[in-house]
Every structure is written in C-alpha cells, then in structure tokens.
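Structure record follows, encoded as structure tokens.
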Amino acid sequence: MEFWQKIFIIGFTAISLIGFARSLYECKEKKNPYGVTYFYRLFGAFVWADLVVFSVFWILASLISFALNSWVLFLLFIALFWVVRSIGETQYWFHQQFSTIQRNPPEKFWFHKIFHNDSVWFVYQIFWQCVTVISSIISLYLAKLWLF
Numbered sequence: 000m001e002f003w004q005k006i007f008i009i010g011f012t013a014i015s016l017i018g019f020a021r022s023l024y025e026c027k028e029k030k031n032p033y034g035v036t037y038f039y040r041l042f043g044a045f046v047w048a049d050l051v052v053f054s055v056f057w058i059l060a061s062l063i064s065f066a067l068n069s070w071v072l073f074l075l076f077i078a079l080f081w082v083v084r085s086i087g088e089t090q091y092w093f094h095q096q097f098s099t100i101q102r103n104p105p106e107k108f109w110f111h112k113i114f115h116n117d118s119v120w121f122v123y124q125i126f127w128q129c130v131t132v133i134s135s136i137i138s139l140y141l142a143k144l145w146l147f
C-alpha cells in the first residue's frame with residue numbers, strides 16, 4: 000500500500016471514530032436516533048442510529064485492510080458494503096410505494112421539485128437499483144484484483 004493510501008485509511012478510521020462518538024451521543028443522550036446525518040451519508044448512514052453500527056463496521060474494515068496492507072481490500076469492503084446497502088434501500092423504497100403509512104412524505108424530498116407527487120418513492124427505488132448495479136460490477140472487478 001502506498002503512503003497516501005495508508006493516510007487515507009487512517010483518516011477514514013478517525014472520521015469513523017468521531018462518527019461513532021457523535022452518533023452514540025445523538026442516540027443515547029439527545030434521544031435523536033432518526034436525526035439526519037448529512038456528511039455521514041458517504042459512509043452509508045442516513046440517520047444517527049445507522050451510524051452507531053456503520054461506524055464500527057468501517058473501523059473494523061479499515062483496521063483489517065490496514066493490517067493486511069491491502070488498498071484493494073479496503074475498496075472491496077466499500078464496494079460490497081454499497082451492494083448490500085443499496086439492496087436494502089431499494090427494498091425500503093419499494094415498500095414505501097405501497098405502504099399506507101407515510102413515514103416519508105414526498106414533499107420532504109428534493110426530487111419532489113421535479114416529480115410533484117409520490118412518484119418520488121419509485122424514483123428513489125430506481126436510483127438505488129442503479130447503485131446496486133454499479134457497486135456490484137465494481138465489487139466483482141475488485142474481488143478479481145484482490146484474489147488474483
């Protein structure tokens with residue numbers, strides 16, 4: 000692994016540690032598990048409760064990659080994470096379309112400016128399906144690099 004890659008992983012681990020501390024505080028002390036995380040969306044966490052779990056995952060993935068001195072493994076962790084996360088989000092938005100309970104009013108989303116109704120939900124579903132395809136292809140490519 001090159002020096003800049005090691006620095007990146009160390010930084011990623013540090014940001015994950017900070018995220019873990021902040022998310023625990025938000026959930027436990029402020030009782031705000033559904034509070035939106037903006038920066039940590041890059042880590043797959045949309046709300047503070049997500050980040051409690053995902054930050055630990057990212058810390059472990061970073062440490063394993065660092066210990067094995069493998070940048071490709073680190074990228075593979077990221078790609079496979081997004082395969083699983085995007086499949087979950089696809090299912091979430093699929094179910095939202097047919098639910099009588101509106102946990103996410105369409106007006107709350109940026110895409111509502113374009114679509115103006117509950118079609119926002121299937122647009123999100125399609126978006127996450129695209130993320131699944133892209134991250135799956137990247138995962139296959141990186142797995143090949145890592146294994147061979």
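For the sequence shown, numbering that gives the first Met the number 0 gives the first residue as 0, with consecutive numbering after it.
Built from N, CA and C at the ideal position, the CB exists for glycine as well.
- By the beta-carbon neighbour count (other beta carbons within 10 angstroms, threshold 16), Tyr39 is buried.
- Taking C-beta atoms under 8 angstroms as the contact rule, Thr36 and Ser85 fail to qualify, at a distance of about 17 angstroms.
- The residue from Glu28, Tyr123, Ser98 and Gly43 with its alpha-carbon nearest to that of Phe110 is Tyr123.
- Taking Arg21 as the centre and dropping the five residues before and after it, the same chain places the C-beta of Trp47 and Leu50 closer than 8 angstroms to its C-beta, in chain order.
- Cβ-Cβ distances below 6 angstroms link Gln128 to Thr89 in the same chain, with the five nearest sequence neighbours on each side left out; the list follows chain order.
- Counting of Cβ neighbours within 10 angstroms places Val82 among the buried residues, the total reaching 16 or more.
- Bounds of any alpha helix (DSSP H) do not take in Thr99, whose DSSP letter is neither H nor E.
- With contact defined as three or more Cβ pairs closer than 8 angstroms, the stretch 64 to 83 and the stretch 94 to 109 are not in contact.
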